[in-house]
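Take -14 as the starting number for the sequence shown in the working numbering and just add one per residue. To start, the structure itself, in structure tokens.
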Amino acid sequence: MHLVPTQEEVVVLLEKTGALRKGHFEYPNGLHSDEYLQVALAMRYFQYQKALSVGLSRLVRANPEIRASVSELSVVAPATGGLPVAYGVCEALRAHQVYWAEQESENEPLHFRQYLEQVPGEKVLLVDDILRSGKKLTEMKRLLESKGAEVVGLAVVVYQPTPRTPDFSPLPFYYLAKLDARYYADSASCDLCRHGVTLEKVWV
Ligand SMILES: [Zn+2]
């Protein structure tokens, strides 16, 4: 595998670990798709966690502004799914610290652990395993900025945009692979439903 894994290498790795699945899936927000990705299944294996997070860190390190402030950089994940990426990127970059947000339930706001406070002007690299709906990353960015932190970049292993994924520009954005699944707004407009393909509901 290359130091920065190619798109094809990432896809092969995701497929062979069962992280990338083909079929007919329904997301909690009602979208139907022909592809589902659960990066945690690939992150079970330490050597893959290492290869993916080190590769991602190399893309981030190419940014001169982030590189200049890396010793003070916080690497922050919006949920536990991003932690294997966050620790791997932090280690490879020699960044300052890692922390993450939590959420009691789907409708509760994101929050940090008690006593975890941002310092004014704190530079934050937001990381996650995947950017799909962008809902949590959007909320996370807003929360960090409301506490005086400065989000300097966004890095994910896989970018799998849906028709509803927000655009984070001009924020520097890094990813190792981009997956273009087919999405349908609902079952009425879904080709797979029409062809009677067995539907699996996915949790996230
Ligand atoms: Zn369908």
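Using N, Cα and C, we set each Cβ at its ideal position, and we do this for glycine too.
Under the three-state reduction of DSSP, residue 154 is assigned to coil, being neither helix nor strand.
In this structure, residue 63 and residue 86 form a Cβ contact; the two beta carbons are roughly 5 Å apart against a cut-off of 8 Å.
Burial state of residue 83 is buried, judged by a 10 Å Cβ sphere holding 16 or more other Cβ atoms.
According to the DSSP assignment, residue 120 belongs to the alpha helix (DSSP H) that extends over 120 to 131.
Residue 160 has 141 as its beta-bridge partners, per DSSP. Counting the other Cβ atoms within 10 Å of the Cβ of residue 10 gives 16 or more, which makes it buried. Residue 79 counts as exposed, since fewer than 16 other C-beta atoms from the protein chains shown sit within 10 angstroms of its C-beta. Here residue 162 is near residue -8, since their CB atoms are less than 8 Å apart. Contact between residue 88 and residue 115 is absent: CB atoms are separated by about 17 Å, not below the 8 Å threshold. DSSP places residue 111 in the uninterrupted beta strand (DSSP E) bounded by 108 to 116. Note on the segment 18 to 86: whole beta strand (DSSP E) runs with a minimum of 3 residues are 59 to 62 and 82 to 85, in chain order.
In this structure, the alpha-carbon of residue 110 lies about 5 Å from that of residue 60. In the structure shown, the three-state DSSP call for residue -3 is helix.
Residue -5 and residue 43 do not touch by the CB rule: their CB atoms are close to 14 Å apart, not below 8 Å. Straight-line measurement puts the Cα of residue 25 at about 10 Å from the Cα of residue 5.
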